[in-house]
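The structure appears right after this line, and notes come after that.
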Amino acid sequence: MSKAIELVNQLEKLQIKNLYNSDFYWTWDKTDDEIAAIFTVADALRDLRERNRSCRVFDSGLGISVFRDNSTRTRFSYASACNLLGLDVKDLDEKKSQIAHGETVRETANMISFMADVIGIRDDMFIGEGHKYMKTFMDAVTEGYEKGILEQRPMLVNLQCDVDHPTQSMADMDHIIHHFGGVENLKGKKIAMSWAYSPSYGKPLSVPQGVVGLMTRFGMEVVLAHPKGYEIMPDIEKIAQENAKGTGGSFRKVSSMAEAFEDADIVYPKSWAPFAAMEERTRLYQAGDKDGIDQLEKKLLAQNAEFKDWTCTEDLMKRTKNGTALYMHCLPADISGLSCKEGEVENSVFERYITPLYKQASYKPYIIAAMILTSKVQDPVAALRKMDAGSERKLF
Amino acid sequence: MSKAIELVNQLEKLQIKNLYNSDFYWTWDKTDDEIAAIFTVADALRDLRERNRSCRVFDSGLGISVFRDNSTRTRFSYASACNLLGLDVKDLDEKKSQIAHGETVRETANMISFMADVIGIRDDMFIGEGHKYMKTFMDAVTEGYEKGILEQRPMLVNLQCDVDHPTQSMADMDHIIHHFGGVENLKGKKIAMSWAYSPSYGKPLSVPQGVVGLMTRFGMEVVLAHPKGYEIMPDIEKIAQENAKGTGGSFRKVSSMAEAFEDADIVYPKSWAPFAAMEERTRLYQAGDKDGIDQLEKKLLAQNAEFKDWTCTEDLMKRTKNGTALYMHCLPADISGLSCKEGEVENSVFERYITPLYKQASYKPYIIAAMILTSKVQDPVAALRKMDAGSERKLF
Amino acid sequence: MSKAIELVNQLEKLQIKNLYNSDFYWTWDKTDDEIAAIFTVADALRDLRERNRSCRVFDSGLGISVFRDNSTRTRFSYASACNLLGLDVKDLDEKKSQIAHGETVRETANMISFMADVIGIRDDMFIGEGHKYMKTFMDAVTEGYEKGILEQRPMLVNLQCDVDHPTQSMADMDHIIHHFGGVENLKGKKIAMSWAYSPSYGKPLSVPQGVVGLMTRFGMEVVLAHPKGYEIMPDIEKIAQENAKGTGGSFRKVSSMAEAFEDADIVYPKSWAPFAAMEERTRLYQAGDKDGIDQLEKKLLAQNAEFKDWTCTEDLMKRTKNGTALYMHCLPADISGLSCKEGEVENSVFERYITPLYKQASYKPYIIAAMILTSKVQDPVAALRKMDAGSERKLF
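Structure, rendered in structure tokens:
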């Protein structure tokens with residue numbers, strides 16, 4: 001029996017009928033079974049692809065992408081996932097960072113979705129805007145489908161909003177599951193999601209929020225560390241608390257990287273911008289206040305610079321479990337002495353973890369493909385079995 | 001019997017052998033049977049797609065696009081049409097609005113057409129240039145094909161030139177046919193193609209020209225309204241006159257929006273630039289006269305501003321047949337109080353017609369696909385029958 | 001028997017097992033049998049396509065392209081080749097001419113190769129950098145594949161580096177073979193690869209280097225002509241010398257275009273920048289010395305201008321074999337009196353050779369497709385036979 005078929009047999013036991021025709025906004029919208037199903041389908045697709053099975057779900061069709069912020073990794077992961085399933089990618093080349101009005105979004109949403117099976121959106125720059133944009137977009141295509149404008153309703157893959165970055169956190173989690181040999185081995189494992197210093201400004205909150213919003217569901221000890229002033233959204237802290245309660249794990253906050261790293265199994269040191277400042281930034285953009293934005297940027301860079309000691313050094317790594325915690329990053333990292341003078345991580349630490357870091361990233365195409373497949377295919381179990389017994393991807 | 005098969009049975013009665021291997025420049029190049037065939041094939045493809053039939057004509061192949069002016073709707077419609085038929089889209093990223101020389105066009109045309117089944121071109125900015133560019137391009141690929149450089153001759157889809165915008169007017173017409181329940185119900189219907197005020201400058205003439213050049217072929221009462229100075233090309237008016245004569249309909253010009261709207265079944269209020277001014281603009285660009293262009297722009301904006309009362313208000317809509325005429329626009333519209341202070345249409349009118357407006361746009365991918373299919377497939381009747389009985393698009 | 005099958009029968013006799021899973025950096029890396037196999041497969045694919053056979057090797061998969069310099073011809077050739085074989089093209093939109101650091105390249109290489117079967121790279125701007133970039137990139141994906149990050153190792157097609165331009169020289173050579181009716185007719189034919197004046201600066205050396213590095217392998221008399229100061233890389237001259245020795249042909253250098261053209265069967269007049277100056281330019285870029293770069297540019301343009309008589313005139317063409325040598329160019333050319341005041345070639349000469357010039361370019365998609373097929377398919381003979389007997393490309 002192939003690994004894919006073993007996974008399909010596990011998938012069969014999960015309740016996932018609500019994934020069909022659903023959108024993927026946030027991981028906390030999804031049940032534990034649904035989250036488990038995404039990992040299972042992702043791993044099955046990876047096995048099928050490795051054994052040269054065709055994973056086509058579509059004979060033709062489009063995967064539209066709307067990147068309202070830069071992207072390389074996620075862009076190519078989305079393109080790979082669409083291609084794997086038989087969809088062509090067509091990118092909407094909007095001017096980035098433009099805060100669009102409802103009317104325009106409604107019109108654009110319909111005009112670019114004529115034959116779209118999937119819509120992937122990244123809109124992570126402005127607090128209070130990214131998720132709203134996606135909601136407005138998807139409401140518009142729902143209406144368009146109901147009114148007969150669109151003959152199919154595309155499903156949404158959130159490729160990073162102001163709140164969550166589910167394709168990242170799910171890929172991160174799949175990496176953790178594989179690293180520790182199975183989800184059943186994660187109970188009690190300690191993960192440190194820590195703020196780290198960066199010489200750049202305004203990095204999204206959606207990565208740390210995505211991580212604490214998801215990793216707290218597996219019975220792990222999740223610790224969030226950051227300097228005062230770098231709080232994440234209170235709503236997400238609440239979700240993390242509730243998740244932890246339900247699984248026998250824990251979620252707590254500390255105010256030093258060293259404390260977070262102490263005896264940790266996994267460390268995830270990464271910079272982000274303070275939530276309150278990001279809210280202020282959105283207001284300034286909406287008001288067109290260029291001077292205000294410049295002043296805010298200066299203030300934030302100065303504030304960051306007060307915490308240059310929040311960096312992942314070899315000394316700090318030694319404090320982790322046996323000095324060998326799994327180091328994680330969503331990439332690209334600010335590497336001290338390599339990509340910048342002082343940054344998130346010492347070069348020697350980063351260099352030592354390059355293979356696991358790239359491996360971490362390599363799960364994303366399959367996670368995206370699994371999100372699409374479980375939303376577009378009514379019976380994923382049957383589909384994956386047919387793929388396993390089906391035709392080859394490379395024909396010669 | 002499926003709707004597609006019903007349509008194919010109608011298609012079988014039409015004389016369309018000259019569509020095979022033809023280009024689509026202007027609707028008035030095509031016979032009535034050919035125009036009818038495009039609508040029929042478009043509707044059949046829509047039905048096939050809605051019933052999850054694969055509409056692949058090509059196992060592989062490229063649809064090249066050359067957008068020498070901005071586009072969202074048409075770009076995605078073209079991408080959808082190509083994808084539906086099995087072609088990948090590859091865009092030539094030329095600097096827009098550059099008036100190219102014959103030699104360059106001839107070379108480029110061959111260099112990007114090595115495996116092109118279709119070429120879609122938008123070149124609408126300069127009077128006297130857009131159509132010429134397309135002609136030069138297609139003459140070059142014809143020669144390239146004859147000389148054995150290209151192994152196939154791609155067909156042209158005009159995605160908007162300086163004279164016509166056939167994918168728009170054909171989609172508009174398909175919308176009208178569906179709205180009134182069939183082409184047989186259009187005799188005597190009144191359509192008002194009216195100029196409307198816009199705070200922007202230099203909008204192409206090809207939309208109103210395309211509309212009066214096509215809508216006059218169905219026995220309708222076609223009224224063209226515009227302020228003095230906003231004349232369209234005399235040649236197109238002549239075509240409209242002759243069309244109308246042949247079908248028992250009429251074509252006439254009036255000088256007020258109110259008169260045009262009186263008892264109209266359909267209204268199409270939209271801004272465009274004066275023909276003579278656009279000719280002047282081309283000359284200035286060719287001479288590299290930047291000051292002249294700036295002055296012309298100022299003059300035209302001032303001239304526009306004299307006609308701010310040419311706007312589609314609720315009051316004007318009340319004058320139409322039962323106050324419920326079908327409002328049409330090629331989008332995006334300049335909406336008063338929404339996208340601009342004063343524009344082509346009152347927000348409340350536009351808002352009320354959003355569903356039909358989006359529906360109007362939704363015909364374009366199928367119109368483009370029908371243009372491609374009837375040019376590339378020798379026996380469209382047989383092909384559509386095979387598609388109806390063939391394999392599925394979404395495989396699971 | 002089809003032409004494709006005749007070619008496959010020739011292919012069967014060649015030793016090409018080392019092409020499988022190999023990269024295509026430089027033609028001189030490849031054995032004579034391997035070079036012959038590329039031409040044979042390219043011609044077979046062209047015949048298959050002309051007879052409407054599907055040439056799909058892949059059901060799905062990505063061909064990634066990284067263009068670190070502008071391209072139209074090669075870009076569309078690569079897109080055509082990928083499409084022919086069943087791959088979608090996804091372009092990495094890097095800022096061009098940025099000299100990237102090893103670490104970034106390693107990361108990017110893995111991040112964009114998740115499902116890549118092929119990587120096409122153009123990096124021709126900086127001496128000592130282009131090839132290095134490709135090597136670093138491919139070393140990174142090799143490591144990624146070995147570590148289980150990538151489930152397949154993509155193969156490289158060099159779309160022009162600082163040293164060679166193999167898709168160009170191989171297409172050029174295929175054109176020559178066809179023009180003279182077979183590779184067996186080339187012994188003793190004289191080809192003049194000559195520098196020519198251009199009003200622009202910094203044209204890559206990889207075209208002349210690619211030409212003398214490849215054309216010397218077929219028993220031809222290869223003459224390289226350039227003014228003093230426009231030397232190509234000494235290593236490549238040495239390769240050309242050794243090639244010539246092995247085939248009974250010759251390689252020599254002359255210092256006038258007239259001498260090179262004398263009795264030539266083929267002339268290839270084209271501008272390039274002096275090797276030493278290009279090395280200097282790389283150093284200046286790396287040092288960020290903008291003034292130095294500007295001064296170098298001025299110096300080089302002045303130096304070029306001393307050799308305006310190095311231009312392919314009708315008079316010079318008369319000196320060639322029967323006055324009818326095959327004129328070649330990689331396009332676009334600087335055409336005197338058409339695209340510039342004084343350039344590489346007289347307009348009347350260029351105009352007379354347009355059909356062969358376009359034909360020359362038309363081999364490139366097939367050469368690229370042959371490079372991909374022979375690297376990705378273990379048994380090209382069997383694959384091509386199946387294609388010949390297989391399904392159609394245009395289905396209706």
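Chains as they are written, first to last, in full-length UniProt numbering: chain A, 1 to 396; chain B, 1 to 396; chain C, 1 to 396. A virtual CB, placed ideally from N, CA and C, is assigned to each residue, including glycine.
Residue of the options minimising C-alpha distance to residue i
i              : options                        : result
A258 (chain C) : C:T311, C:E237, C:T216         : C:T311
L7 (chain B)   : B:G390, B:V381, B:D91          : B:V381
D309 (chain C) : C:L92, C:K341, C:R281          : C:K341
S77 (chain A)  : C:M233, C:Q15, C:F114          : C:F114
G144 (chain C) : C:D174, C:A109, C:R393         : C:A109
E280 (chain B) : B:E129, B:G86, B:L84, B:D33    : B:E129
S255 (chain B) : B:I239, B:K270, B:L224         : B:L224
D32 (chain C)  : C:N9, C:R49, C:I16, C:I127     : C:I16
K238 (chain C) : C:F218, C:G213, C:A260         : C:G213
N21 (chain C)  : C:S375, C:F126, C:L45, C:I232  : C:S375
D93 (chain B)  : B:S336, B:R75, B:G202          : B:R75
T313 (chain A) : A:K253, A:Q160, A:P166, A:Y353 : A:Y353
R106 (chain B) : C:E392, C:T355, C:Q360, C:G390 : C:T355
S54 (chain C)  : B:F58, B:R51, B:N52, B:G202    : B:F58
Alpha-carbon spacing of residue i relative to residue j, whole angstroms
i              : j              : result
G210 (chain C) : D334 (chain A) : 40 Å
F39 (chain B)  : M138 (chain B) : 25 Å
S97 (chain C)  : I149 (chain C) : Annotation note: pLDDT 35 at S97 (chain C) (below 50); position unreliable, coordinate value reported separately. If you take the alpha carbons of S97 (chain C) and I149 (chain C), they lie about 29 Å apart.
T216 (chain B) : G248 (chain B) : 9 Å
V377 (chain C) : K394 (chain A) : 9 Å
L85 (chain B)  : Y366 (chain B) : 10 Å
E344 (chain A) : G343 (chain C) : 53 Å
G246 (chain A) : E221 (chain A) : 13 Å
L338 (chain C) : I112 (chain B) : 21 Å
F218 (chain B) : H178 (chain B) : 14 Å
M278 (chain A) : V163 (chain A) : 12 Å
E297 (chain A) : S71 (chain A)  : 22 Å
Y358 (chain B) : R46 (chain B)  : 16 Å
A37 (chain B)  : A302 (chain B) : 44 Å
M170 (chain A) : S80 (chain C)  : 36 Å
F67 (chain B)  : E306 (chain B) : 33 Å
L62 (chain B)  : N83 (chain C)  : 7 Å
I232 (chain A) : H165 (chain A) : 14 Å
CB-CB length for residue i against residue j, believed under 8 Å
i                     : j              : result
C330 (chain C)        : Q152 (chain C) : Wrong, their Cβ atoms sit about 32 Å apart, outside the cutoff.
A140 (chain C)        : D388 (chain C) : Contact doesn't hold; Cβ gap of about 38 Å is too wide.
Y268 (chain A)        : A192 (chain A) : 7 Å
R56 (chain B)         : S60 (chain A)  : 6 Å
D315 (chain A)        : P204 (chain A) : Actually they do not touch by this definition, with Cβ atoms about 29 Å apart.
residue 410 (chain C) : M155 (chain C) : Beyond the ends of chain C as shown, which are 1 and 396, falls residue 410 (chain C); an answer cannot be given.
D174 (chain A)        : A42 (chain A)  : 6 Å
I'd like to know if the region 285 to 297 of chain B and the region 343 to 351 of chain B are in contact, where contact means that at least 3 CB-CB pairs between them fall below 8 Å.
no
Report the start-end ranges of each alpha helix (DSSP H) in the region 273 to 299 of chain A that is 4 residues or longer and not cut off at the edges.
275 to 287
Sufficient close CB pairs (3 or more, under 8 Å) joining the region 225 to 240 of chain A to the region 179 to 189 of chain A:
no
At what residue ranges does the region 38 to 86 of chain C contain a whole run of the beta strand (DSSP E), taking only runs of 3 or more?
62 to 67
With 9 Å as the limit, tell me which residues of the region 106 to 134 of chain B have their beta carbon closer than that to any beta carbon of chain D; keep them in chain order.
The chain inventory of the structure shown lacks chain D, comprising the protein chains A, B and C.
Count Cβ pairs between the region 370 to 384 of chain A and the region 190 to 205 of chain A that sit closer than 8 Å; are there 3 or more?
no
At 4 residues or longer, what runs of the alpha helix (DSSP H) sit wholly inside the region 193 to 257 of chain A?
206 to 215, 234 to 247
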